[in-house]
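The structure appears right after this line, and notes come after that.
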Amino acid sequence: MSKRLIVIGAGETANLAHEYFMNDSNYEVVAFSVHSHYRKENYFKNLPLIDFEKISVLYPKDDFLVFVALASEKLNYNRTRVYQEVKKMGYKCASYVSSRAFIWHNVKIGENCFILENNTLQPFVEIGNNVILWSGNHIGHQSIIKDNVFISSHVVISGFCEVGENTFIGVNSCVADNVKVAKDNFIGLGSVINKNTEENKIYRGNPAEASKIPAKKFCKVEVN
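Quick note: the sequence shown, position 196, residue 919 per the working numbering, numbers continuous.
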């Protein structure tokens with residue numbers, strides 16, 4: 724029996740989440756939801772599009788699961804904020820793991836993750852909550868990807884690495900063995916990270932060097 728799922732979002736990530744969940748999982752998407760000030764229509768993908776503020780009344784937490792389908796804007800903080808709102812409301816969040824991904828049997832994966840086709844997750848890898856692994860990445864053995872990370876495509880994370888919270892890693896980047904990527908990093912496409920990084924930095928190049936502008940400022944993250 725399919726599990727009923729509410730997708731938060733009405734953009735391209737939500738569109739793709741619907742496609743993957745409906746065609747490659749045991750979840751059935753029954754509705755979409757956005758905050759009321761973003762809602763312009765009543766339907767998305769021919770399904771109800773409802774105000775986020777009404778979700779707990781229309782789709783109770785005991786009967787439905789949620790998936791937050793937002794992309795990487797503002798160093799993933801937009802997605803993080805909505806995910807935290809959903810958790811405060813008491814909902815359980817679904818994760819999607821492609822049937823075409825290679826996931827070793829002892830890999831740990833948190834909730835509200837989106838792991839697409841052709842990802843390879845080697846033994847003892849740990850994936851936190853609210854993580855997106857776009858297609859074609861390699862996560863090496865014993866590596867840890869912490870919460871709210873977005874890894875784009877064709878990224879290589881070598882063995883015994885750690886990627887900190889709310890970090891974005893661009894296409895075709897790679898991280899050497901035993902390297903810790905700090906939280907709130909923005910790693911530009913094609914970058915080679917061969918040493919530990921510092922928090923709230925932008926890294927680009929081969930070997931990657933830190934830019935002077937902080938990553939949060941560059942990505943327009945509001946500082947509380």
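Even glycine gets a Cβ: it sits at the ideal position worked out from N, Cα and C.
Where residue i sits in the DSSP three-state scheme
i: K815; result: coil
i: L839; result: coil
i: F945; result: Rather than Phe, the amino acid found at residue 945 in this sequence is Glu. In this structure, E945 counts as coil in the three-state DSSP scheme.
i: E742; result: helix
i: K831; result: strand
i: K903; result: strand
Cβ neighbour criterion (16 or more within 10 Å) applied to residue i
i: S875; result: buried
i: G893; result: buried
i: K939; result: buried
i: L728; result: buried
i: N929; result: exposed
i: H741; result: buried
i: F772; result: According to the sequence as given, residue 772 is Leu; it is not Phe. With 16 or more Cβ atoms within 10 Å of its Cβ, L772 is classed as buried.
i: L839; result: buried
i: G813; result: exposed
Bridge partners - residue i, DSSP secondary structure assignment
i: F891; result: F873, F909
i: V879; result: H861, C897
i: L728; result: V752, L788
i: E932; result: R927
i: F847; result: None, per the DSSP bridge assignment.
i: V757; result: D774
i: V703; result: The structure shown has nothing for residue 703, since the chain only spans 724 to 947.
i: V886; result: I868, V904
### Message
List, from N- to C-terminal side, the alpha helix (DSSP H) runs of 4 residues or more that fit wholly inside the stretch 776–824.
### Response
778–781, 800–811
### Query
Does the stretch 755–765 come close enough to the stretch 725–741 that 3 or more CB-CB pairs lie under 8 Å?
yes
### Query
Would you call the stretch 882–901 and the stretch 856–874 in contact, with 3 or more CB pairs under 8 Å?
yes
### Task
May I ask you to verify whether the stretch 800–818 touches the stretch 834–842, counting CB pairs closer than 8 Å and requiring at least 3?
yes
### Message
Assess contact between the stretch 783–791 and the stretch 814–829, defined as three or more Cβ pairs (one per stretch) separated by less than 8 Å. Is contact present?
### Response
yes
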